[in-house]
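Undergrad: Numbering follows my numbering, with no gaps: position 82 of the sequence shown is 1472.
Just so it is clear, CB atoms sit at the ideal spot from N, CA and C, and this is done for glycine as well.
Computed from a predicted structure; not experimentally measured.
Would you mind keeping the following structure in view while I ask a few things?
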Amino acid sequence: MPRRKPIDRVREICLALPEATEKLAWGEPTFRVRGRIFAQYEDNHHDSGIVGLWLNAPHGLQEFLIAQDPARFYRPKYVGHKGWIGVRMEGDVPWEHVAELICDSYRLTAPGRVGS
1391 MPRRKPIDRV REICLALPEA TEKLAWGEPT FRVRGRIFAQ YEDNHHDSGI VGLWLNAPHG
1451 LQEFLIAQDP ARFYRPKYVG HKGWIGVRME GDVPWEHVAE LICDSYRLTA PGRVGS
């Protein structure tokens, strides 16, 4: 059986959230709730050399995660200045932690009454 690609796992986690949808934008998969992006996949976007996932994050988390594990976490282009986290999807991905970060991003992005 072929090994699953990271985007397949990301898609599974994101689309399990209430009202989450996937939309291709800028040549990459984005995951949205009521039109608002909460996650974006990066597969060597503009020859960045990175396969990663961009996620909305609470203030201060980006800096903390990058300081703790700069090989895994990074400041993504375009949204990094807003505190978004980049997570490298190469190698042994810590899926439990990634799923938590996705859920946190979703909660930060979703309008108040999603799923009700």
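1) Reducing DSSP to helix, strand and coil, say where S1506 ends up.
2) Between the C-alpha atoms of F1454 and E1432, what's the straight-line distance to the nearest angstrom?
3) Using the three-state DSSP reduction, which class does W1474 fall into: helix, strand or coil?
4) What whole-angstrom Cβ distance do L1498 and P1448 have, given they're in contact under 8 angstroms?
5) Given a cut-off of 8 angstroms on the beta-carbon distance, is the pair V1477 and L1445 in contact?
6) Quick check on the burial criterion: 16 or more other C-beta atoms within 10 angstroms. Buried or exposed for L1405?
7) Give me the Cα-Cα distance between M1479 and P1466, rounded to the nearest whole angstrom.
8) If you scan the region 1401-1458 from start to end, which runs of the beta strand (DSSP E) of 3 or more residues do you find wholly inside it?
TA: Per the coordinate set shown:
1) Residue numbering aside, residue 1506 sits at position 116 when the sequence shown is read from its first letter. Because the pLDDT of S1506 is 49, which lies under 50, any placement of that residue in the model is unreliable, and the number read from its coordinates should be weighed accordingly. If DSSP states are grouped into helix, strand and coil, S1506 belongs with coil.
2) Translated into positions along the sequence shown, residue 1454 becomes position 64. Translated into positions along the sequence shown, residue 1432 becomes position 42. In a straight line, the C-alpha of F1454 is about 22 angstroms away from that of E1432.
3) Locating residue 1474 in the sequence shown gives position 84, counting from the first residue. In this structure, W1474 counts as coil in the three-state DSSP scheme.
4) Taking the sequence shown and counting its residues from 1, one reaches residue 1498 at position 108. Taking the sequence shown and counting its residues from 1, one reaches residue 1448 at position 58. That belief holds up - the Cβ atoms of L1498 and P1448 are roughly 7 angstroms apart, short of 8 angstroms.
5) Looking up residue 1477 in the sequence shown gives position 87. Looking up residue 1445 in the sequence shown gives position 55. Yes. Within cutoff.
6) Locating residue 1405 in the sequence shown gives position 15, where the first residue counts as 1. When all chains shown are included, L1405 counts as exposed.
7) Within the sequence shown, the letter at position 89 stands for residue 1479. Within the sequence shown, the letter at position 76 stands for residue 1466. One C-alpha to the other measures close to 13 angstroms.
8) 1410-1415, 1418-1423, 1426-1433 and 1441-1445
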